[in-house]
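Here is the structure we will look at, set down as structure tokens.
In UniProt numbering, the protein residues as written are 1 to 272.
In structure tokens:
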């Protein structure tokens, strides 16, 4: 067993890992992330500490929506390099399974990278794959990524933990370095930031959320052009709705009647 001792923002990744694992155990999983379930079995950690099992569906739906939009972005940018920022213990490289010709960079703190090495040592031998041990806000790590190809930047559960100046600098460094590309990431509204303590994962981990936007078109101020936006009620496809129980299905549909709540957490795809 691998003992885990993390706190604050770094600890939140364990909740989303657990959510994906619980979904994979469902008779009709939404995401079907079996690699997450296998990882859970190897970690010495109280996974019920931060999140109730009932939240697993929202975790799986968010991850699946980001996967779908990332696939679309990669299809639109053949040969693009992938920057998976704040990757945590996400197994997205397994789920998207890019070709060996695709250069994929997972980026996160050194202690997170060490955990990834222990859980998935086979990734060290995966063609095109590399992990960079660094905070995404550190300026130096980007120098390790070849700059001649366009990029697809993927970030799940990251931007809301950064301050506005950090988001602006990070996005600016990427858009200045590469000859075009796309971003796929989730973000909160300002109401979502104000209501952050309602989120048990944020509250119980002792984390703090900082950055949010009410109108995704404001991303033009960060050098990005909005291509697609999904509100929370759109995370689930009709096929997904058929996989879940009656109560969560009704809850998801009801979100459309509460615009402020529906916009609190959303996913965007942008280009530059």
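Here a beta-carbon is modelled for each residue, glycine too, at the ideal position from N, C-alpha and C.
- Residue 111 and residue 90 have their C-alpha atoms some 14 Å from each other.
- The segment 36 to 54 and the segment 235 to 247 do not touch, with fewer than 3 CB-CB distances between them shorter than 8 Å.
- Beta-bridge partners of residue 130 (DSSP): 105.
- By the neighbour-count criterion, in which 16 or more other beta carbons inside 10 Å mark a residue as buried, residue 257 falls on the exposed side.
- Taking the CA atoms as reference points, residue 8 sits about 26 Å from residue 67.
- Check the Cα spacing between residue 71 and each of 92, 212, 259, 252: the tightest is with 92.
- In this structure, 78 is the residue among 78, 120, 221, 159 with its C-alpha nearest to the C-alpha of residue 100.
- Runs of the alpha helix (DSSP H) spanning 4 or more residues and lying entirely within the segment 106 to 182 occur at 110 to 119, 164 to 177, in chain order.
- With a threshold of 16 other beta carbon atoms within 10 Å, residue 253 falls short and is exposed.
- Straight-line spacing of the CA atoms in residue 246 and residue 24 works out to 19 Å.
- Around the beta-carbon of residue 121, fewer than 16 other beta-carbon atoms lie within 10 Å, marking it exposed.
- For residue 269, there is no enclosing alpha helix (DSSP H); the residue is part of the beta strand (DSSP E) that begins and ends at 265 to 271.
- Bridge partners of residue 184 according to DSSP: 154, 269.
- In the DSSP assignment, residue 85 falls outside any alpha helix (DSSP H) and within the unbroken beta strand (DSSP E) covering 81 to 85.
- Residue 269 is positioned such that its CB atom lies no closer than 8 Å to that of residue 156.
- Judged by DSSP secondary structure, residue 230 falls within the beta strand (DSSP E) whose first and last residues are 225 to 230.
- Going by DSSP, residue 34 is part of the alpha helix (DSSP H) stretching over 34 to 40.
- In this chain, the alpha helix (DSSP H) harbouring residue 251 covers 246 to 254.
- DSSP places residue 18 in the uninterrupted alpha helix (DSSP H) bounded by 12 to 25.
- By the criterion of at least three beta-carbon pairs nearer than 8 Å, the segment 159 to 166 is not in contact with the segment 120 to 135.
- By the criterion of a C-beta distance shorter than 6 Å, residue 47 is surrounded in its chain by 18, once the five residues flanking it on both sides are discounted.
- If you draw a straight line from the Cα of residue 13 to the Cα of residue 36, it comes to about 11 Å.
- Linking residue 231 to residue 193 through their CA atoms gives a straight-line distance of about 16 Å.
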